[in-house]
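J.: For the record, the sequence lines run as chains A and B. Whatever position you read off the first sequence (first residue = 1), add 775 for the working numbering. Whatever position you read off the second sequence (first residue = 1), add 106 for the working numbering. Backbone N, C-alpha and C fix where the C-beta goes; we use that ideal spot for every residue, glycine too.
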Amino acid sequence: RKEVEQDPGPFNVPEGATVAFNCTYSNSASQSFFWYRQDCRKEPKLLMSVYSSGNEDGRFTAQLNRASQYISLLIRDSKLSDSATYLCVVNIPLHNKLIFGAGTRLAVHP
Amino acid sequence: GAGVSQTPSNKVTEKGKYVELRCDPISGHTALYWYRQSLGQGPEFLIYFQGTGAADDSGLPNDRFFAVRPEGSVSTLKIQRTERGDSAVYLCASSNNAGGGGYTFGSGTRLTVV
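1) Note down, in chain order, each residue of its chain lying with its Cβ closer than 8 Å to the Cβ of N866 (chain A), except the 5 sequence neighbours on either side.
2) A161 (chain B) touches chain A at which residues, Cβ-Cβ below 8 Å?
3) Hey, would you say L862 (chain A) sits closer than 7 Å to Y811 (chain A), going by beta carbons?
4) Would you say P149 (chain B) reaches chain A, if we count a Cβ-Cβ gap shorter than 7 Å as a contact?
5) Answer with buried or exposed for Q186 (chain B), where buried requires no fewer than 16 other C-beta atoms within 10 angstroms of its C-beta.
6) Counting Cβ pairs closer than 8 Å, one from the region 779-799 of chain A and one from the region 845-856 of chain A, do we hit at least three?
7) So what does DSSP say about R834 (chain A), is it helix, strand or coil?
8) Just mark G205 (chain B) as buried or exposed, buried being the case when its beta carbon has 16 or more other beta carbons within 10 Å.
9) Which of the three DSSP states is assigned to L222 (chain B) in this structure?
10) Within 10 angstroms of its Cβ, does S200 (chain B) collect 16 or more other Cβ (buried), or is it exposed?
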């Protein structure tokens, strides 16, 4: 089993749509969780951290379910500029490193 | 510097040759990470430095890969006897708190072994 699993997509949605990405992780001791965004042929960039209480940043909402080892990202009112690959990222405790999922590709069309 | 700098941005080499990839982290960041990303995959961990020492090199695929960070700042990833399967984007990242928070990545070195 991969340490971080994501649906690869692609998700093709019209502008204005709401889209949700899911991610599961295998290490129950993980403490830090993130979503990164990666544009084509660019480096990954931190989108947002994910907290147990859930957190929101504008149109983006991240949720964490520790019991199910599940993380989600919700994007409301999708924009063309949201088209990218979204990477689910989990830390490995005691090893101080982050493990990345393979990413979910989003394509927003007019 | 303002961001993580990686050089070269692109490197084409012949199978069997030796290559060096350089990473200049954000000034003051003590943690430095190397990842490798193949097409359609997420970044794969290679090695992590805390200061000058390699704290975790468990991701290095074999003994052809080696990395150093002699002064706790710039790091060099070295690949000997390159193989076509080494072709990928090599990403460097740095952070100021040993993995507890997010990383800042450089723009990567695209290595192509022909």
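T.: Well, looking at it:
1) S805, Q806, S807, F808, K872, L873, I874
2) N871
3) yes
4) yes
5) exposed
6) yes
7) coil
8) With a pLDDT of only 49 at G205 (chain B), under 50, the local geometry of the prediction cannot be trusted, and no value is derived from it.
9) Chain B is shown only over 107 to 220; residue 222 (chain B) falls outside these bounds and no answer can be derived.
10) buried
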